Amino acid sequence: MQRVPALRRAGWLRPGFLMMAMLGLTGCMSYGAVTLDRDRLDFTQAMANSWKQQTLLNIVKMRYGDTPIFVDVGQIVSSYQLVSSMQAGGVLYPNLPASSSSSNSVVNLGVQGQYTDKPTITYVPLSGSQFVRTLMTPIPPIRLFELVEAGWRVDMLFMAAVQTVNGLSNSRGGAQLRLEDPEYVQLLQAMRRVQASGTVGSRLEIDKDNKSEGLVMFFAGRNLTPEVQADWDVVKRLLGLNPAKNTFSIIYGELPPGRDDVIALHTRSGFQILYELATFVQIPEEHEREMRAYPHLPAPPDGRETLPPLIRILSGETKPDDAFATVFYGDRWYWIENRDLASKGMFSFLLVMLTLAESGPSAPTPFVTIQAN
């Protein structure tokens, strides 16, 4: 038997070609443009739900005399990164004998990827001058009538945002608990019918002498039906306006003595509106008896017509399955039903009111440093 030389045998094990192919591929690309539509909708929905829950919680807390806290979302910055890599390699052993049980080649293939989503959200507590502007400043009358011109119901606006008009008082909750004047109910009903007839409007008039502008409400239209004319007469009579005039100035504050051509409004602030909404939170009767919460509005005398509730906030020990907004406070769940359009509309109105109440320079925005990829 012939012996194979040791050096030749070692050659079988020594790779003739240690690396047949070595390929490395790595990549990093921006993913933001692909996710723009999705993330904008996601953040919008998340902010809307968060605002509803925060507002509902504060309304419930105010019913119980608790401290409301407001936190705004300052900035939202999203950073995306998609990193992928692929590697391929091979080793060939050409001198292995055919009788060998080992393969004369080795191939390696690897793929990996990493997706990173790093949103940065800043929160700004509502305090100081910004709190005063947003929640404590009365709604300017001009803003209310701009909403009337935009199609909002005048009775709903006056129910929520007006304290008094020409001496007629709205209802009050909390410590000043009282029903609205009967004449206030009649006024809002007549104003709603006049608005539906399309014969009332408002405009800005400029006083060139005083270099100022004022808001004017006017009644317009010809060939009025007897029903619309009767509603006009009711509005003028209840407000003490001159029946021969159809144009009236709108001011904030008290009615000047002897004036029959002015509509004077005491509007509410955003905080007052929340305070009034808290009156309509449904709570257990024992909570009122134990003085844990403010009482509800008293029942009207027999035969007296009252305004409908501003909002309906229900409560129970079990979380509802389908609700417009839900929050847990104390030992109970509080919610607004998804089928209650009036209460849902009041929530939308509240957001508009808080936005209109804010004026002046905005609070400084915090600086956010974003790490570059």
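Sequential numbering from 1472 applies to the sequence shown in my numbering.
Backbone N, C-alpha and C define an ideal beta-carbon position, used for all residues, glycine too.
Nothing here was measured: the structure is a model prediction, and the numbers come from that model.
### Query
Under the DSSP definition of a beta bridge, which residues are partnered with SER1720?
Indexing the sequence shown from 1 puts residue 1720 at position 249. Partner(s): VAL1687, VAL1733.
#### Entry: Per-residue DSSP class, three states only, for LEU1606
Start at 1 with the first residue of the sequence shown, and residue 1606 comes out as number 135. DSSP places LEU1606 in the helix class (H, G or I) of the three-state scheme.
### Task
Identify every residue that forms a DSSP beta bridge with THR1797.
The count along the sequence shown starts at 1 and reaches residue 1797 at position 326. Paired residues: TRP1806.
### Message
What ranges does the alpha helix (DSSP H) occupy inside the stretch 1643-1675, keeping only unbroken runs of at least 4 residues that lie completely in it?
### Response
Considered as a whole, the stretch 1643-1675 harbours 1653-1668 as its complete alpha helix (DSSP H) runs of no fewer than 4 residues, in chain order.
### Query
Can the beta-carbon of TYR1746 be found less than 7 Å from the beta-carbon of VAL1531?
Taking the first residue of the sequence shown as position 1, residue 1746 is located at position 275. Taking the first residue of the sequence shown as position 1, residue 1531 is located at position 60. Not closer than 7 Å, so no.
### Message
What would DSSP say about ARG1479, mapped onto helix, strand or coil?
### Response
Stepping through the sequence shown from its first residue, residue 1479 is reached at position 8. Confidence is the limiting factor: at ARG1479 the pLDDT is only 46, short of 50, which leaves the residue's position unreliable and the question unanswerable from this model.
### Task
Use the C-beta contact count for MET1607: other C-beta atoms within 10 angstroms, 16 or more gives buried, fewer gives exposed.
Taking the sequence shown and counting its residues from 1, one reaches residue 1607 at position 136. When all chains shown are included, MET1607 counts as exposed.
### Among PRO1728, PHE1690, GLN1524, ASP1702, the one whose alpha carbon lies nearest that of LYS1716
Taking the first residue of the sequence shown as position 1, residue 1716 is located at position 245. Ranking the options by Cα distance to LYS1716, first place goes to PHE1690.
### Task
With DSSP as the reference, label TYR1746 as helix, strand or coil.
Within the sequence shown, residue 1746 is the residue found at index 275, counting from 1. Assignment of TYR1746 by DSSP, reduced to helix, strand and coil, places it in the helix class.
#### Entry: Span of the beta strand (DSSP E), counted from its first residue to its last, around GLN1546
Counting from 1 along the sequence shown, the entry for residue 1546 is found at position 75. Per DSSP, the continuous beta strand (DSSP E) segment holding GLN1546 begins and ends at 1542-1548.
### Query
Skipping 5 residues on each side, what residues in its chain have a beta carbon closer than 7 Å to that of THR1797?
Taking the sequence shown and counting its residues from 1, one reaches residue 1797 at position 326. Cβ neighbours of THR1797 beyond the five flanking positions: LYS1790, PRO1791, TRP1804, TRP1806.
### Query
Okay, do the stretch 1647-1659 and the stretch 1766-1776 touch, 3+ Cβ pairs below 8 Å being the bar?
Cβ pair count under 8 Å is three or more, so yes.
### Query
Is it a yes or a no for the stretch 1528-1543 touching the stretch 1754-1765, going by three-plus beta-carbon pairs under 8 Å?
Under the 8 Å Cβ criterion, the stretch 1528-1543 counts as touching the stretch 1754-1765, having at least three qualifying pairs.
### Query
In terms of residues, what are the limits of the alpha helix (DSSP H) holding ILE1613?
The count along the sequence shown starts at 1 and reaches residue 1613 at position 142. Note, ILE1613: alpha helix (DSSP H), 1612-1620.
### Query
What is the rounded straight-line gap between the Cα of ARG1810 and the Cα of GLY1774?
Taking the first residue of the sequence shown as 1, we reach residue 1810 at position 339. Taking the first residue of the sequence shown as 1, we reach residue 1774 at position 303. For ARG1810 and GLY1774, the distance between alpha carbons rounds to 30 Å.
### Task
Just tell me which of ALA1749, ARG1674, ASP1793 has its CA closest to the CA of PHE1616.
Taking the first residue of the sequence shown as position 1, residue 1616 is located at position 145. Looking at ALA1749, ARG1674, ASP1793, the one whose alpha-carbon comes closest to that of PHE1616 is ARG1674.
### Message
Using 8 Å as the cut-off, can you tell me whether the stretch 1608-1627 makes contact with the stretch 1749-1758, which would need three or more C-beta pairs spanning the two stretches below that distance?
### Response
Put simply, the stretch 1608-1627 does not touch the stretch 1749-1758. Fewer than three CB pairs are less than 8 Å apart.
### Other residues of its chain near ASN1713: CB distance less than 8 Å, five sequence neighbours each side excluded
By 1-based counting over the sequence shown, the position of residue 1713 is 242. Leaving aside the five residues that flank ASN1713 on each side, the residues in its chain whose CB is nearer than 8 Å to its CB run, in chain order, LYS1707, ASP1731, ASP1732.
### Message
Assuming ILE1744 and LEU1821 are in contact, meaning their beta carbons sit under 8 Å apart, how far apart are those beta carbons, in whole angstroms?
### Response
Walking along the sequence shown from the start, residue 1744 turns up at place 273. Walking along the sequence shown from the start, residue 1821 turns up at place 350. That belief holds up - the Cβ atoms of ILE1744 and LEU1821 are roughly 6 Å apart, short of 8 Å.
### Query
Rounded to a whole number of angstroms, what is the C-alpha to C-alpha distance between GLY1685 and PRO1611?
Position 214 of the sequence shown, counted from the start, is the residue given in the question as residue 1685. Position 140 of the sequence shown, counted from the start, is the residue given in the question as residue 1611. Taking the CA atoms as reference points, GLY1685 sits about 12 Å from PRO1611.
### Task
Name, in chain order, the residues that DSSP records as bridge partners for PRO1596.
For the purposes of this step, residue 1596 is taken as residue 125 along the sequence shown, with counting starting at 1. Paired residues: VAL1542.
### Query
Is the beta carbon of THR1515 less than 7 Å from the beta carbon of GLN1546?
In the sequence shown, counting from the first residue as 1, residue 1515 sits at position 44. In the sequence shown, counting from the first residue as 1, residue 1546 sits at position 75. The answer is no: Cβ separation not under 7 Å.
### Residue range of the unbroken alpha helix (DSSP H) whose run includes LEU1785
By 1-based counting over the sequence shown, the position of residue 1785 is 314. Looking at the DSSP string, LEU1785 is not in any alpha helix (DSSP H); the run it does join, the beta strand (DSSP E), is 1785-1787.
#### Entry: Bridge partner(s) assigned by DSSP for ILE1530
On the sequence shown, position 59 is the one that residue 1530 refers to. None; ILE1530 has no bridge partner.
### Task
Out of PRO1727, LEU1726, ALA1813, state which residue places its alpha-carbon closest to the alpha-carbon of PHE1795.
Counting from one through the sequence shown, the residue named residue 1795 turns up at place 324. Taking only the C-alpha atoms, the option nearest PHE1795 is ALA1813.
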